[in-house]
Amino acid sequence: MATAAAKPMTKTQLVATLAEEMGSDKKTAAAALDAITAIVTREVAGGGAVTLPGIGKVACRARPERQVRNPQTQEMMTKAADKQVKVTIAKALKDSVNS
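Residue numbers (the numbering used here): 364 to 462.
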């Protein structure tokens, strides 16, 4: 089990672990990971959402125009409306971490 201070798994490590878990080679695992990344990116960039079962939901959320403060000058300024990517963690994953 990884500790809180452990470094995040790199893409190379993830591909190797995915290949082992799938009983496949690293090339196939890398292609699968790249395909999932492309699908999530395309859907979220288009304003949609993707649910990764057991992991969570990745969605695009619109933020309205709002007032923000410049931390250096303390001046209030208007920030234009933009979009934000939001990840909601699945209950099953939360429960497995806290058990």
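Where is the CB? At the ideal position from N, CA and C, for every residue including glycine.
Neighbour-count burial assignment, residue i, 16 or more Cβ in a 10 Å radius
i, result
"V450", "exposed"
"A392", "buried"
"V431", "exposed"
"V460", "exposed"
Limits of the unbroken beta strand (DSSP E) element including residue i
i, result
"D458", "Segment 454–460 is the alpha helix (DSSP H) holding D458; no beta strand (DSSP E) there."
"A422", "419–426"
Range covered by the alpha helix (DSSP H) that runs through residue i
i, result
"K442", "From DSSP, K442 is part of no alpha helix (DSSP H) but of the beta strand (DSSP E) over 439–442."
Option nearest residue i by Cα separation, candidates the options
i, options, result
"V448", "A408, Q376, A382", "A408"
"K446", "M439, G410, M440", "G410"
Residue(s) in a DSSP beta bridge with residue i
i, result
"G327", "The structure shown has nothing for residue 327, since the chain only spans 364 to 462."
"D445", "R426"
Rounded separation between residue i and residue j - CA only
i, j, result
"M364", "E428", "Here the model assigns M364 a pLDDT of 49, short of 50, so the residue's position is not dependable, and the following value carries that caveat. For M364 and E428, the distance between alpha carbons rounds to 43 Å."
"A509", "G386", "With the chain covering only 364 through 462, there is no way to say anything about residue 509."
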